Structure formats: C-alpha cells, structure tokens
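Engineer: Chains as they are written, first to last, in this note's numbering: chain Y, 2 to 159; chain R, 84 to 199.
Quick reminder that beta carbons are idealized off the backbone N, C-alpha and C, glycines included.
Since we're looking at a predicted model, the values are computed, not measured.
In structure tokens, the structure reads:
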C-alpha cells in the first residue's frame with residue numbers, strides 16, 4: 002500500500018487538538034533535550050506508550066540526520082518542529098535550512114543480513130532510515146525555498 | 084556518562100546510569116566502556132535498567148562496545164525497557180546479543196548466584 006502524502010488540507014478534525022511548535026538548535030544535545038520535553042508533554046495527554054516510543058525514535062533519527070548531514074560543516078543552524086495530535090495520529094512537520102537531501106529525495110533504508118556477518122563486520126550505523134520508514138505513515142520530503150520539509154505521522158493504534 | 088562496574092563472580096555487571104544512550108552521548112559511551120572494561124577478563128553484562136531511550140547512534144555505540152571486548156569476552160544485555168527492546172527488535176540486533184529480562188537472570192545463566 003502506498004502511503005498517502007501528508008498535507009495540511011488532509012488533516013482530520015482535531016480530537017485532542019493539541020499542537021506544539023519548537024525551534025531546536027542543530028546539535029545532538031539540543032535534540033536530546035527537545036525530545037525529552039516533548040515526551041513529557043505527550044505523556045500528559047495520555048497517549049499510548051508505544052506510539053510515543055515510535056515518535057521519539059523517528060524524531061531522534063530524522064533530527065540527528067539534520068544535525069549530522071544537512072548542517073554538516075555549518076557553524077550553526079536550527080530546525081522547526083511542529084507536532085499535533087489529530088484523530089488517532091500524531092502529525093509531524095520538521096523543517097530546516099540546511100543542505101538538501103542527496104538527489105532531492107529521502108534516502109532508502111539500508112538492510113543488513115546480520116546472520117551472515119562476523120562480529121567485526123557488524124554495522125555501527127546506517128539503521129536510521131530503516132527505522133524511520135518502518136515506524137512512520139505518510140512519510141514525505143520536499144525541498145521548498147531553500148528549506149527541507151519532512152512530514153510524517155505516527156498512528157496511535159498501529 | 085555514568086557507568087559503574089560491579090564484579091559478580093566471574094561476571095562483570097556494567098550499570099549504565101544515564102536514562103538515554105543517544106547521538107548526544109554515543110561517543111562518550113564508547114570511550115567510557117573502553118576504559119572501564121580494559122582490565123575485565125570474563126563476560127560483561129550491560130545493565131540497561133535505567134535506560135529509557137536508545138537511538139541508532141546509541142545502538143551503534145553498543146555494537147562498538149561488543150567489538151571492543153573481542154571474541155573471547157561476551158557482551159550480554161539485561162533489563163531492557165520497552166523502547167530499548169523495540170530498537171533491538173526492529174534492527175534485529177536482538178539476534179546478535181544475548182538478552183536477559185533481569186540482571187539476576189543474566190547472572191544465573193552464568194552460574195553466578197545473584198547477590199541478595
């Protein structure tokens with residue numbers, strides 16, 4: 002099944018109606034702090050733990066990708082996260098002013114055949130996009146006016 | 084990075100004191116792990132009971148830790164929170180590391196009676 006792209010016009014009517022916008026500095030420490038804060042806010046809304054686990058993991062991967070790749074070599078930068086809860090999903094939109102994704106599209110997930118690997122060959126990275134693809138619905142990327150826009154949602158019940 | 088080593092018989096239990104092992108701390112984790120296990124001879128049980136979040140960078144650091152111990156010293160994981168367990172399952176790293184529900188289970192598996 003092809004996931005439908007997430008656009009503002011498609012949003013179902015808000016049930017919980019909660020939303021948050023945050024500007025986060027492009028460092029791994031700031032990402033860590035922002036995610037801890039967001040988790041606290043969403044726990045207070047009574048959202049299911051499994052959805053919050055998926056959300057935090059996906060955001061950590063996407064935001065640290067911005068830190069390490071979009072802003073690689075830059076002195077400073079930031080990103081804006083908009084998250085809202087509508088219907089039975091958490092909708093996210095992350096934008097940054099860093100470098101575009103290579104080829105103008107989302108990187109493909111990398112899959113490893115761990116069974117065939119010797120210990121020394123085990124991967125120490127490259128899991129990020131696999132996790133992002135596996136845990137989101139409606140994942141999309143657009144480069145608009147020198148900005149990267151990544152949108153996705155986390156279904157509360159999946 | 085808070086990490087403490089407690090020998091229990093032939094096994095060394097390495098307790099992580101931080102609640103996140105993520106991109107912000109992955110390099111410190113690796114460095115601290117290398118230092119603290121330098122003189123350890125037997126298997127190491129990594130007690131993750133306090134860790135509520137592990138991302139792919141943190142997982143990479145745990146894999147790097149595994150390699151640091153080499154083939155003669157085991158690295159086993161214990162007391163995974165739901166978030167940590169999810170990452171291990173999704174990346175299939177749960178097939179690479181022996182995983183125990185509790186530190187006591189890990190010790191028992193090595194024939195060590197857990198301290199009361």
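(1) Would you say the beta carbon of residue 131 of chain Y is closer than 7 Å to some non-hydrogen atom of the ligand HEM?
(2) Does residue 20 of chain Y come out as helix, strand or coil in the three-state DSSP assignment?
(3) Excluding five sequence neighbours on each side, which residues of the same chain lie with their C-beta closer than 6 Å to the C-beta of residue 22 of chain Y?
(4) From the beta carbon of residue 178 of chain R, is the nearest beta carbon of chain Y less than 8 Å away?
(5) Determine which residues share a DSSP beta bridge with residue 94 of chain Y and list them.
(6) Does any CB atom of chain Y fall closer than 8 Å to the CB of residue 181 of chain R?
(7) Beta strand (DSSP E) containing residue 165 of chain R: first to last residue?
(8) Answer with yes or no whether the minimum CB distance from residue 143 of chain R to chain Y is below 8 Å.
(9) Are the CB atoms of residue 49 of chain Y and residue 132 of chain Y nearer to each other than 8 Å?
(10) Would a check of beta-carbon distances place residue 42 of chain Y closer than 8 Å to chain R?
(11) Any idea if residue 104 of chain Y is buried or exposed, counting beta-carbon neighbours within 10 angstroms, 16 or more meaning buried?
(12) Can you tell me where the alpha helix (DSSP H) holding residue 139 of chain Y begins and where it ends?
(13) Determine whether the beta carbon atoms of residue 99 of chain R and residue 130 of chain R lie at a separation below 8 Å.
(14) List, in order along the chain, the chain R residues whose C-beta lies closer than 8 Å to that of residue 80 of chain Y?
(15) Tell me which residues share the same chain as residue 102 of chain R and place their Cβ nearer than 8 Å to its Cβ, disregarding the 5 neighbours each side in the sequence.
(16) Against chain Y, does residue 127 of chain R count as a neighbour if the rule is that its beta carbon must be under 8 Å from one of theirs?
(17) If you follow the beta strand (DSSP E) that residue 160 of chain R is part of, which residue opens it and which one closes it?
(18) How is the beta strand (DSSP E) around residue 114 of chain R delimited, first residue to last?
(19) At what residues does the alpha helix (DSSP H) containing residue 96 of chain R begin and finish?
(20) Given a threshold of 16 other Cβ atoms within 10 Å of its Cβ, counted over all protein chains shown, does residue 185 of chain R qualify as buried or as exposed?
(21) CB residue 53 of chain Y to CB residue 40 of chain Y, shorter than 8 Å?
Structural biologist: According to the structure data:
(1) The ligand HEM is absent from the structure shown, which contains no ligands of any kind.
(2) strand
(3) 83
(4) yes
(5) Y:83, Y:152
(6) no
(7) Taken as a continuous stretch (DSSP letters only), residue 165 of chain R belongs to no beta strand (DSSP E), being part of the alpha helix (DSSP H) at 165-173.
(8) yes
(9) no
(10) no
(11) exposed
(12) That residue, residue 139 of chain Y, is in no alpha helix (DSSP H); its beta strand (DSSP E) goes 138-145.
(13) yes
(14) Chain R residues near residue 80 of chain Y: none, gap ~14 Å exceeds 8 Å.
(15) 133, 134, 135, 136
(16) no
(17) 158-161
(18) Element bounds for residue 114 of chain R: not the beta strand (DSSP E) but the alpha helix (DSSP H), 109-119.
(19) From DSSP, residue 96 of chain R is part of no alpha helix (DSSP H) but of the beta strand (DSSP E) over 94-99.
(20) exposed
(21) yes
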